[in-house]
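Chemist:
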Amino acid sequence: MSTDIALAFPSEARDITLEIPPGASRVKWLRGPSELNAKNDVEAMKAWLSRYLDSPATLANYRTELERFYLWVLSQRRELRDVKFEDLTRFREFLRDPPANWVLKASKPRKDPRWRPLRGKLSERSIAHTESVLRSMFAWLMSAHWIPTDPYKLMKPIKVASNKRVTRYLNRRQWQAVLDAVERRPRNNDDDALRYARDRWMLRLIYGTGMRISEAAKHSMAALSVRDTPRGERYSLQIVGKGRKPREIPVGPALLAELREYRTALGLSPLPDDPKVEAKIPLVASTRSEHMLTRAGLHHAMVSILLKAAEHADSEDNKRDAKALRDASTHWLRHSRATHLLDERVGVKSVQSLLGHANIATTSHYVHTELDELQEELERADAEAG
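With the numbering used here as the guide, the letters of the sequence shown map in order to residues 66 to 451.
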């Protein structure tokens with residue numbers, strides 16, 4: 066079981082935790098002149114991570130990449146200064162085909178002894194991302210004189226196909242399977258009923274708004290606002306998104322009804338009223354306390370639902386949907402919402418505004434209707450020719 070090692074950053078009043086096996090402290094740490102106050106590799110990596118304190122989502126992603134890599138380094142009985150070109154080559158192959166004892170069979174919390182750092186083989190795109198993060202860290206550590214050389218300078222980057230069309234999304238049938246997985250949950254006692262209400266709201270919030278889970282995790286009920294319009298009251302969520310950019314997300318009648326149901330289950334008024342009170346109520350609360358569900362907590366809850374949906378698809382011998390649901394990440398819900406809206410001919414600019422994309426070209430990657438229309442035209446032409 067892994068052990069927490071926390072490092073506090075007084076200026077930010079925050080912690081970064083990096084977890085390593087209990088025996089790691091016995092590794093011979095690097096000593097010598099350096100521009101870091103770090104006493105060991107773990108602290109040096111935390112110093113690099115501290116550069117991303119202002120971007121929680123990036124910090125969490127990079128931390129995961131470093132944990133996975135460092136666990137592998139320790140398994141090879143290495144320190145960072147010992148990592149050579151050949152080690153990096155082996156690590157790449159390891160990610161392409163990890164041993165079974167490194168793979169998570171079912172969703173488990175990070176502190177569970179059955180937790181594993183991988184969910185299966187990584188795609189070439191995912192491996193390229195991992196190596197991009199590690200390249201940046203190794204270059205920085207060498208510039209800080211923590212490691213003598215940078216072996217990534219010798220590694221040829223993986224070339225990933227440049228097809229920018231988004232394919233990591235759930236189709237409507239698969240999305241319905243996710244919703245059904247929640248509906249099948251038992252609600253025989255208060256705890257089960259509260260978890261059901263939380264999970265139902267969580268899924269519809271993330272999907273309906275296109276929010277990132279990092280955005281949902283840091284906002285309270287006070288984010289909901291109402292304004293009068295010629296067509297009546299209109300609700301929206303006022304959030305601060307990626308890059309600290311403010312964004313207003315419309316909340317339609319269907320999502321508002323879900324919010325009422327969730328708040329009622331919590332014993333609250335159907336809709337937020339006093340901003341000072343609502344600021345203390347998380348947008349998505351933990352079922353164990355009144356505290357906000359963290360990004361990691363949201364991720365764990367959503368992955369559990371996705372895996373339950375995959376298991377049900379397997380039981381019905383629907384292998385294709387089962388694979389998609391098993392491969393899906395929490396971010397796929399955001400991709401799915403954008404894709405479904407564009408399939409319904411919602412304007413690209415409207416979807417761009419919903420997702421908070423700075424560049425409309427990013428939103429355009431979700432457009433699949435042109436490909437569908439092309440296929441229909443080709444099939445029609447082939448039928449007429451035949």
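Every residue, glycine too, gets a C-beta built ideally from N, C-alpha and C. Model, not experiment: these values are computed from the prediction.
1. According to DSSP, what are the bridge partners of Glu298?
2. Can you give me the Cβ contacts of Leu219 inside the same chain, cut-off strictly under 7 Å, excluding the 5 residues immediately before and after it?
3. Can you confirm whether the region 190 to 203 touches the region 231 to 242 when touching is taken to mean that 3 or more C-beta pairs between the two stretches lie within less than 8 Å?
4. Report whether the distance from the Cβ of Phe150 to the nearest heavy atom of the ligand ATP is below 6 Å.
5. Closest to Trp113 by CA distance: which of Glu196, Trp211, Gly185 is it?
6. Identify which residue in Asn253, Gln303, Asp379 has its Cα closest to the Cα of His284.
7. On a CA-only basis, which of Leu199, Val168, Pro178, Trp137 is nearest Asn126? Give me that one, please.
8. Could you give the first and the last residue of the continuous beta strand (DSSP E) run that contains Glu313?
9. Who are the near neighbours of Gln241 in its chain, counting only those whose CB is closer than 6 Å to its CB and skipping five residues on each side?
10. So the candidates are Arg410, Thr404, Gly412, Leu420; which of them puts its Cα closest to the Cα of Arg237?
11. What are the start and end residues of the alpha helix (DSSP H) that includes Asp386?
12. Report all residues from its chain with a CB closer than 6 Å to the CB of Arg391; omit the five preceding and five following residues, and keep chain order.
13. Can you tell me which of Asn253, Asp293, Arg309 puts its alpha carbon nearest to the alpha carbon of Asp119?
14. With respect to the alpha helix (DSSP H) encompassing Trp397, which residues constitute its N-terminal and C-terminal limits?
15. Under a CB-based cut-off of 7 Å, is Ile278 close to chain B?
16. For Leu136, which option in Arg181, Arg146, Leu371, His400 has the closest C-alpha, if you only look at C-alpha atoms?
17. Measure the CB-CB distance between Pro335 and Met286 and report whether it falls below 7 Å.
18. Could you compute how far the alpha carbon of Leu398 sits from the alpha carbon of Gly412?
19. Using beta-carbon positions only, say whether Met276 and Val349 come within less than 7 Å of one another.
20. Label Lys111 either buried or exposed according to how many other C-beta atoms from any shown protein chain fall within 10 Å of its C-beta, with 16 as the threshold for buried.
21. Give the DSSP-derived three-state secondary structure of Ser90 in the structure shown.
22. Hey, Glu298 and Val291 are a contact pair by Cβ (cut 8 Å); roughly how many whole angstroms apart?
23. Residues in its own chain within less than 6 Å of Glu323 by CB, not counting five upstream and five downstream?
24. What's the C-alpha gap between Leu160 and His422?
25. In chain order, what are the residue ranges of uninterrupted beta strand (DSSP E) at least 3 long that sit wholly in the region 182 to 230?
26. Taking the alpha carbon of Leu333 as the reference point, which residue from Glu355, Leu320, His396 has its own alpha carbon closest?
27. May I have the straight-line CA-CA distance separating Leu145 from Ala103, to the nearest angstrom?
Modeler: Taking the coordinates as given:
1. Looking up residue 298 in the sequence shown gives position 233. Its beta-bridge partners are Asp293.
2. As a position in the sequence shown, residue 219 is number 154, starting the count at 1. Answer for Leu219: Phe150, listed in chain order.
3. no
4. The model on display carries no ligand, and the ligand ATP is accordingly not part of it.
5. Indexing the sequence shown from 1 puts residue 113 at position 48. Minimum Cα distance to Trp113 is reached at Trp211.
6. Counting from 1 along the sequence shown, the entry for residue 284 is found at position 219. Comparing Cα positions, the closest option is Gln303.
7. Here the question's residue 126 lines up with position 61 in the sequence shown. The residue with the shortest Cα to Cα distance from Asn126 is Leu199.
8. Here residue 313 corresponds to residue number 248 of the sequence shown, with the count starting at 1. Counting along the chain, the beta strand (DSSP E) containing Glu313 begins and ends at 311 to 316.
9. Taking the sequence shown and counting its residues from 1, one reaches residue 241 at position 176. Closer than 6 Å at the Cβ level, and outside the excluded window around Gln241, lies no residue.
10. Residue mapping note: residue 237 aligns to position 172 of the sequence shown, counting from 1. Nearest C-alpha to Arg237: Thr404.
11. Here residue 386 corresponds to residue number 321 of the sequence shown, with the count starting at 1. Taken as a continuous stretch (DSSP letters only), the alpha helix (DSSP H) holding Asp386 covers 384 to 392.
12. Within the sequence shown, residue 391 is the residue found at index 326, counting from 1. Contacts found: Ala375.
13. Locating residue 119 in the sequence shown gives position 54, counting from the first residue. Looking at the Cα atoms, Arg309 is the closest of the given residues.
14. The residue given as residue 397 occupies position 332 in the sequence shown. 397 to 408 is the span of the alpha helix (DSSP H), which, as asked, contains Trp397.
15. Here chain B cannot be found, since the structure has a single protein chain.
16. Numbered from 1 along the sequence shown, position 71 holds the residue referred to as residue 136. Taking only the C-alpha atoms, the option nearest Leu136 is Arg181.
17. Locating residue 335 in the sequence shown gives position 270, where the first residue counts as 1. Locating residue 286 in the sequence shown gives position 221, where the first residue counts as 1. Not in contact: Pro335 and Met286 (Cβ atoms no closer than 7 Å).
18. Residue mapping note: residue 398 aligns to position 333 of the sequence shown, counting from 1. Residue mapping note: residue 412 aligns to position 347 of the sequence shown, counting from 1. If I take the Cα positions, the gap works out to 19 Å.
19. On the sequence shown, position 211 is the one that residue 276 refers to. On the sequence shown, position 284 is the one that residue 349 refers to. In this structure, Val349 does not lie closer than 7 Å to Met276 by Cβ.
20. For the purposes of this step, residue 111 is taken as residue 46 along the sequence shown, with counting starting at 1. It counts as buried.
21. Numbered from 1 along the sequence shown, position 25 holds the residue referred to as residue 90. For Ser90, the predicted model reports a pLDDT of 41, less than 50, meaning its position is unreliable; a value from the coordinates is still stated below. Three-state result, Ser90: helix.
22. Translated into the one-based positions of the sequence shown, residue 298 becomes position 233. Translated into the one-based positions of the sequence shown, residue 291 becomes position 226. Between Val291 and Glu298 the Cβ distance is about 5 Å, and since that is below 8 Å, they are a contact.
23. Residue 323 sits at position 258 when you count from the first residue of the sequence shown. Excluding residues within five positions, the ones whose Cβ falls inside 6 Å are Trp266, Arg269.
24. For the purposes of this step, residue 160 is taken as residue 95 along the sequence shown, with counting starting at 1. For the purposes of this step, residue 422 is taken as residue 357 along the sequence shown, with counting starting at 1. Near 31 Å, if we compare the C-alpha coordinates of His422 and Leu160.
25. none
26. Position 268 of the sequence shown, counting from 1, holds the residue named residue 333. Closest option to Leu333, Cα to Cα, is Glu355.
27. Along the sequence shown, one-based indexing puts residue 145 at 80. Along the sequence shown, one-based indexing puts residue 103 at 38. Leu145 and Ala103: Cα-Cα distance of roughly 13 Å.
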